[in-house]
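Engineer: As they're listed, the protein sequences go chains R and H. Just so we're aligned, residue 1 is where the first sequence starts under our numbering, counting upward by one. Just so we're aligned, residue 132 is where the second sequence starts under our numbering, counting upward by one. Even for Gly, the Cβ is constructed at its ideal location relative to N, Cα and C. In this text, all values refer to a predicted model and were calculated from it rather than measured experimentally. Below you'll find the structure I mean.
2 protein chains.
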Amino acid sequence: MISTKGRYGLRVMIDLAQNDNGSYIPLKDIADRQEISKKYLEIIVKQMVEGGLIKGLSGKGGGYKLVKKPEKYTVGEILTLLEGTICSVACLADKNYDCPRRKKCETLPMWKEFDGIVHDYLYSKKLSDLL
Amino acid sequence: MISTKGRYGLRVMIDLAQNDNGSYIPLKDIADRQEISKKYLEIIVKQMVEGGLIKGLSGKGGGYKLVKKPEKYTVGEILTLLEGTICSVACLADKNYDCPRRKKCETLPMWKEFDGIVHDYLYSKKLSDLL
DNA sequence: CCTATTTCCTACTGTGTCAATAGGTTTTTG
DNA sequence: CAAAAACCTATTGACACAGTAGGAAATAGG
């Protein structure tokens, strides 16, 4: 289940794309338009800056803006940054985890296939597809 | 993310299918084979009985068994029972929930499409496919 | 009838994440 | 210098997850 973090973050990205006029867009405007608490968005947006998805500028006239064109972002990369991982099952989420039942597990192949389908969908979907 | 409840429950179903000899299979045997705490499985299995997925018999010689042939179960129905709902986003999980942004939400169509893909995969997958 | 086996039932608990809220500091422009 | 904005740290209440614990009721075999 995708949490509000991922969902709100995606909406911020869409808002930034739709209201892009070359300059920085203040978070207050985004929060108002999207009807989301500005304080909560700060946490999310901070993560997006750290992850290199967007850039921020302090001070008057500051705000946030995209660093790439909307068609260069995939929904998958946005969600992965905010959700940590988009994995359907815990066994696949941590690549270093070596499950003792890996060899004989009857469900693992299915989870892998399922994960592939999810991954393919989300990484083929572009931010520009949502405008 | 599918929790242990759903994953363990699915493995119980597979175990019941694989070890079906007409009579009831004690939970202890399943727990031993699957290397899962019997106590924890009790909770999961209880839910599966209540949901009509399997039936249980108390007393000596008792245990659990499937009520249908493995090819008659879908992975989707098993997971839905145990996880409550298999929905990628909260807005779609509760059918009665009327989101105020429903009309103008740019992400809703994508979530619906995504949910459809997930749903299709899990409900087309049969328990018998995992044996 | 007794006993071993098994499900069935209620309750509890520690840990962690989610979804915010609160209050302040720093940066920048007009 | 003042307003506006990002930036930063901390806290909180609620809830779900992943079990654990202990016993009651049911049932079959001897």
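Measuring alpha carbon to alpha carbon, tell me which of R/45, R/113 and R/40 ends up nearest residue 25 of chain R.
Structural biologist: Selected option, being the one with the closest Cα: R/45.
Engineer: List, in order along the chain, the chain H residues whose C-beta lies closer than 8 Å to that of residue 88 of chain R?
Structural biologist: 132 and 133
Engineer: Once the 5 residues before and after residue 125 of chain R are set aside, which same chain residues still bring their CB inside 8 Å of it?
Structural biologist: Hits under 8 Å: 74, 75 and 76.
Engineer: Quick check: is the beta carbon of residue 93 of chain R nearer than 9 Å to any beta carbon in chain H?
Structural biologist: For residue 93 of chain R, the answer is yes, since a Cβ of chain H falls inside 9 Å of its Cβ.
Engineer: Does chain H have any CB closer than 9 Å to the CB of residue 107 of chain R?
Structural biologist: yes
Engineer: Between which two residues does the alpha helix (DSSP H) carrying residue 103 of chain R extend?
Structural biologist: Counting along the chain, residue 103 of chain R falls outside any alpha helix (DSSP H), and DSSP gives it neither H nor E.
Engineer: For residue 93 of chain R versus residue 80 of chain R, is the C-beta distance shorter than 9 Å?
Structural biologist: no
Engineer: Short of 7 Å in beta carbon distance, which residues of its chain neighbour residue 82 of chain R, apart from the five on each side in sequence? Order them along the chain.
Structural biologist: Hits under 7 Å: 5, 6, 9, 44 and 47.
Engineer: Going along the region 195 to 216 of chain H in order, which residues come within less than 8 Å of chain R, judged by CB to CB distance?
Structural biologist: 206
Engineer: Would you grab the beta carbon distance between residue 237 of chain H and residue 130 of chain R for me? Rounded to a whole angstrom, and I think it's under 8 Å.
Structural biologist: 5 Å
Engineer: Using a Cβ-Cβ distance under 9 Å, would residue 44 of chain R count as near chain H?
Structural biologist: no
Engineer: Can you list, in chain order, the stretches of the alpha helix (DSSP H) that have 4 or more residues and sit fully within the region 154 to 204 of chain H?
Structural biologist: 158 to 165 and 169 to 181
Engineer: When DSSP builds the beta bridges, which residues end up paired with residue 257 of chain H?
Structural biologist: The bridge partners DSSP lists for residue 257 of chain H are H/205.
Engineer: Is there at least one Cβ from chain H nearer than 9 Å to residue 10 of chain R's Cβ?
Structural biologist: yes
Engineer: I'd like the list of long-range same chain contacts for residue 182 of chain H, defined as Cβ closer than 7 Å, with 5 residues on each side in sequence excluded.
Structural biologist: 212
Engineer: I need the boundaries of the alpha helix (DSSP H) containing residue 146 of chain H, first residue and last residue.
Structural biologist: Its alpha helix (DSSP H) spans residues 135 to 149.
Engineer: Taking three-plus beta-carbon pairs below 8 Å as touching, is the region 144 to 159 of chain H in contact with the region 185 to 193 of chain H?
Structural biologist: yes
Engineer: With a threshold of 16 other CB atoms inside 10 Å of the CB of residue 184 of chain H, please say whether the residue is buried or exposed.
Structural biologist: buried
Engineer: Output needed for residue 42 of chain R: all residues of its chain with C-beta closer than 7 Å, excluding positions within five of it in sequence on either side, in chain order.
Structural biologist: 27
Engineer: Apart from the five residues just before and just after residue 253 of chain H, which ones in its own chain have a Cβ nearer than 6 Å to its Cβ?
Structural biologist: Closer than 6 Å at Cβ, skipping near neighbours: 206 and 207.
Engineer: Kindly indicate if chain H contains any beta-carbon less than 9 Å away from that of residue 48 of chain R.
Structural biologist: no
Engineer: Could you name the residues of the same chain whose beta carbon sits closer than 8 Å to that of residue 67 of chain R, not counting the 5 residues immediately before and after it, in chain order?
Structural biologist: 52, 53, 54 and 55
Engineer: Measuring straight from C-alpha to C-alpha, what distance separates residue 88 of chain R and residue 250 of chain H?
Structural biologist: The alpha-carbon separation between residue 88 of chain R and residue 250 of chain H amounts to approximately 13 Å.
Engineer: Three-state secondary structure (DSSP) at residue 225 of chain H?
Structural biologist: In the three-state reduction of the DSSP assignment, residue 225 of chain H falls in the coil class.
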